[in-house]
Each structure stands twice: as C-alpha cells, then as structure tokens.
Amino acid sequence: MRKLLSSAAVAAVLLAGCVSNDNASDKGGSSGSQRLSVTIADDKCDVSAAKTESGRVVFTLKNEGTVKNEFEILAPDKLRIVGERENLAPGTTVKYTVVLESGSYYTACKKNMVGALVGAKKFTVSDSGKKVEAGGDEKKLQDQAVSNYNAYNRDQAGQLLEKTKAFAEAYKAGNLDKARSLYAATRQHYERIEPTAEKFGDLDPALDEREADWQETEDKDTRAWKGWHYIEKDLWRPDGFEGLNDEQRAKASEQLVADTQKLYDLVYAKDFSIKLADISNGAINLLEEVATTKITGEEEAFSHTDLWDFQANVEGAKVAYGNVEAIAKKKDPALAKEISKRFDQLQAELDKYKQGDGYVYYDKLNEAQRKQLSDSVNALRKPLAKLTEAILKDAGESTSKK
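So the sequence shown is residues -24 to -1, 1 to 378, counted in mature numbering (1 follows the signal peptide of the UniProt record, and there is no 0).
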C-alpha cells in the first residue's frame, strides 16, 4: 500500500502543469527556471538530478528508445499524475515545462504510454524561497483538474489491461496459484476508477458483477454470469462447488480480457469526456462503494480480499479529491480541511491491517474491527458528500475530451 497524498503535496500537484509549455524557451538563470535533462529508453527513465528547487522547471526529454514513450511526474502515492508529456517519438528531443511547489514527487516513464511505470524514482523539490503561484483563475484550476483526472483514468485503465492479460494467461493455463496471487492487486486498478467504468452502460456488470446481484436480476435466465467474481468463485471454491473445466476457464479468461479492452478503448476514445462534477462525484461514489459493499464483505465473497478493494477505493477517492482540492479550498476552506483530515484518519485505520504487500483477509476481522473501519468511512462520507456542491458553487463546468 502506498502512502496517500499529503495536503502540501496536493497543493503542489495542482500547481504542477498549470504552467506547461513544450515550446518554452530555456533561458536558464536569468528566468529563474531550473533545467534538467531526462534520458528515456524502452527500459529506463533517467533524470539528470534527483532534486531541484521550487518554481519553473524545464525538463529536456530525449527518447533514445525504439517506441513512443511518455514522461510523468507523480504524487508520492505514485498514482496521481501531477504532469505528463505524451507521444515522445523515438529519436525526438523536446522541452517540457512545469511549475512545481516544494514537496516529494516521483518521476517515471511509460513505454508505449501504457502499462507499468518504468524507472520510477523519488524526486524532491526544495523551497526556493520564491512564491509559487498557480498562475491562473478558477477556470484554469478546473481545466487542470479535469486534464489530470483524465490522465489518471487512462493510466489505471492501461495498467489494468496489462495486468489482466497476465492474470488471464495464468488462469487459462491452469496455474491457479499464480492466478490467486495476481487477483487482488490486479483488481485494484479497476476499483480505483470504477465510477468511470460505470459510465459505460453494461460494462461494469460485465466485469464486476457479484453472484448475489446477478441472481437477483430479471434476465439471469438469459444472461450468463461472468467477470472477475465468476473467476473468483473458481479460484476460491466454496463447499459443494466443483469448479470450472478447462473450456470454461478459457472462455472466462478471454471474455475478461475482451471486456477490459473495451474499457481501455472507451477511456482512450477521442469523444470520451469528463466533467468537473464527475471527479468530485467519483470520490463520493467510491466512498459509497466502500460503505455498502466492502464493509459488509459482500464484494469478495469467496476470496475475502475486500481490504485490497477497500484500499483501492480510498486511493481512487483520494486522487479524485486531490484534483479538485485547490478549488475546494477557495470555495469552502473548512470543508476542504475536514475532508483531508478524515482521509488521513481512514487511512490510518486501514494501515492497521496491512500484511506484507497486501492485507489480512477480511473474514479474519472481528465485528469490533469492522465497526471501527465503518465509523472511519462514515466520518469521511459526511463531509465528502458536500464536495460537488461546494466546488460548483458560482462556477461553470469544465469538460475534457481527449
């Protein structure tokens, strides 16, 4: 589990990228900009220095690899994208300019602009003593929030697709132990952006429908149950369930990858759009998801990996909130402060159940422990429910189509 974004880092994130100009001239000391170079290849992402000073930073990006690439600046959780420069063709050198506030970040690249981060390294920005401004009005903050959240959705969809393929390959081959080991961590990419998947009609049920929900549908006799939880039941077989045969596993694997590919294609489509309210409502909906299915243990009825999903929902909500926090601070500072505090408290409660790279199984928690988690969720739900109304007060909507 990664540490969630601090309040200081949130401010830095919203400042970063607000001043972004790939064609900006690099005038060096007279302009006060910091200059760094980044050497990119298929298997590396080397920044010339691991630290710089706050203010205007100019990165010279050189792609020495064989395929297109992208450079990313990420928040401390390595989930939230602070700024990015995409479509770096092989053999090209470009300048990428951002404004960074003091704080901790990560730099990384992404081969073919999809999948796992390459060469992720800590990057520290110290205080230069100069005031760092976002450099824009509320409309610019809205546009940046929408742009960054759109990038986050693409990033998670890409990682989900790559890891789902690896999971499906193991499952189809009958390597069930490996499939079990990949199950929870792979699903986290989906759980972080579930509100986005829910925008696409039947795609969320195709991927994430629980057996109990499917059994209650009117069309269950004409529509087969499928998706992650269908496979979950086969991996963690309850008493009396014989499991799937090789043909059924192959079909389930192929369908899972196909439906995940659909999600990826839709998120990357030119007509895909996100509004400011989608971001704040996404945060709200993810907490509702935690409260209604994760707390009860309904989500992962067979594997009991609910806390992995719980963490991913919280991370997704935190990222969504972080993208609009600067706007919330302008509109309702007290609400923004309360939300940040409650996020920290909820994360501290979740941290109690970390075990290695994951968590204890949810069926190992007693009722008192579940209630403590529930109380922390509810303490955040109340202020978070007011977020959309707060950030849209006296403001127009911002929409991104990319």
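No residue lacks a Cβ here, since even glycine has one placed at the ideal position from N, Cα and C.
In three-state DSSP terms, what is residue i?
{"i": "Phe217", "result": "coil"}
{"i": "Gly111", "result": "Any reading at Gly111 must be qualified, since the residue scores a pLDDT of 45, below 50, and its modelled position is unreliable; no value is offered."}
{"i": "Ala245", "result": "coil"}
{"i": "Phe176", "result": "coil"}
{"i": "Glu170", "result": "helix"}
{"i": "Asn39", "result": "strand"}
{"i": "Asn342", "result": "coil"}
{"i": "Gly134", "result": "helix"}
{"i": "Asp22", "result": "strand"}
{"i": "Glu60", "result": "strand"}
{"i": "Val33", "result": "strand"}
{"i": "Tyr125", "result": "helix"}
{"i": "Lys54", "result": "coil"}
{"i": "Lys209", "result": "helix"}
{"i": "Val336", "result": "coil"}
{"i": "Thr140", "result": "helix"}
{"i": "Leu152", "result": "helix"}
{"i": "Lys305", "result": "helix"}
{"i": "Ser80", "result": "strand"}
{"i": "Lys330", "result": "strand"}
{"i": "Lys71", "result": "strand"}
{"i": "Lys347", "result": "helix"}
{"i": "Thr162", "result": "helix"}
{"i": "Lys27", "result": "strand"}
{"i": "Glu145", "result": "helix"}
{"i": "Pro359", "result": "helix"}
{"i": "Lys106", "result": "coil"}
Within the continuous alpha helix (DSSP H) that includes residue i, where are the two ends?
{"i": "residue 379", "result": "This structure cannot speak to residue 379, because the chain is shown only from -24 to 378."}
{"i": "Lys87", "result": "First-last for Lys87: undefined, no H or E at that position."}
{"i": "Asp327", "result": "309 to 327"}
{"i": "Trp201", "result": "Trp201 -> no alpha helix (DSSP H), and no H or E assigned at all."}
{"i": "Ala65", "result": "Neither: Ala65 is in no alpha helix (DSSP H) and is coded neither H nor E."}
{"i": "Asp187", "result": "According to the sequence provided, residue 187 is Glu. The question's Asp does not apply to it. Counting along the chain, the alpha helix (DSSP H) containing Glu187 begins and ends at 187 to 191."}
Can you tell me the Cα-Cα spacing of residue i and residue j, whole angstroms?
{"i": "Arg56", "j": "Ala355", "result": "24 Å"}
{"i": "Lys347", "j": "Asp308", "result": "30 Å"}
{"i": "Thr28", "j": "Gly258", "result": "34 Å"}
{"i": "Tyr125", "j": "Ser78", "result": "22 Å"}
{"i": "Trp201", "j": "Ser256", "result": "31 Å"}
{"i": "Ala277", "j": "Ala324", "result": "25 Å"}
{"i": "Asn45", "j": "Thr68", "result": "10 Å"}
{"i": "Glu365", "j": "Asp113", "result": "19 Å"}
{"i": "Tyr244", "j": "Lys251", "result": "16 Å"}
{"i": "Ile16", "j": "Ser9", "result": "22 Å"}
{"i": "Asp184", "j": "Phe143", "result": "15 Å"}
{"i": "Val(-15)", "j": "Gly298", "result": "Its pLDDT being 38, under 50, Val(-15) is placed unreliably by the model, and the measurement read from it follows with that caveat. Distance between the alpha carbons of Val(-15) and Gly298: 6 Å."}
{"i": "Pro66", "j": "Asp131", "result": "21 Å"}
{"i": "Lys107", "j": "Val101", "result": "14 Å"}
{"i": "Val43", "j": "Lys358", "result": "47 Å"}
{"i": "Asp195", "j": "Pro52", "result": "45 Å"}
{"i": "Asp178", "j": "Ala155", "result": "25 Å"}
{"i": "Ser13", "j": "Ala312", "result": "36 Å"}
{"i": "Leu349", "j": "Lys317", "result": "15 Å"}
{"i": "Asn261", "j": "Ala253", "result": "12 Å"}
{"i": "Ala25", "j": "Leu326", "result": "35 Å"}
{"i": "residue 430", "j": "Lys71", "result": "Any question about residue 430 goes unanswered here, given that the chain covers just -24 to 378."}
So, residue i versus residue j, is the Cβ gap smaller than 9 Å?
{"i": "Glu239", "j": "Leu360", "result": "A small correction: the amino acid at residue 239 is Leu; Glu does not occupy that position in the sequence shown. Not closer than 9 Å, so no."}
{"i": "Arg225", "j": "Lys148", "result": "yes"}
{"i": "Leu322", "j": "Val295", "result": "no"}
{"i": "Thr83", "j": "Val34", "result": "no"}
{"i": "Thr281", "j": "Ala160", "result": "yes"}
{"i": "Lys306", "j": "Phe286", "result": "no"}
{"i": "Asn129", "j": "Thr172", "result": "yes"}
{"i": "Asp18", "j": "Val94", "result": "yes"}
{"i": "Leu283", "j": "Leu211", "result": "no"}
{"i": "Leu37", "j": "Arg61", "result": "yes"}
{"i": "Leu64", "j": "Ala302", "result": "no"}
{"i": "Glu314", "j": "Glu170", "result": "no"}
{"i": "Val290", "j": "Phe319", "result": "yes"}
{"i": "Cys21", "j": "Lys98", "result": "no"}
In the DSSP assignment, the beta strand (DSSP E) including residue i goes from what residue to what residue?
{"i": "Glu46", "result": "45 to 50"}
{"i": "Ala96", "result": "94 to 102"}
{"i": "Leu12", "result": "10 to 17"}
Less than 8 Å between the CB of residue i and some heavy atom of the ligand ADP, yes or no?
{"i": "Leu137", "result": "Absent from the structure shown: the ligand ADP. Ligands present: none."}
Is the CB of residue i under 9 Å away from at least one CB in chain D?
{"i": "Ala288", "result": "Among the chains in the structure shown there is no chain D, since it carries only a single protein chain."}
Quiz prompt | Minimum length 3: unbroken beta strand (DSSP E) runs contained in the region 224 to 300 | solution = 249 to 251
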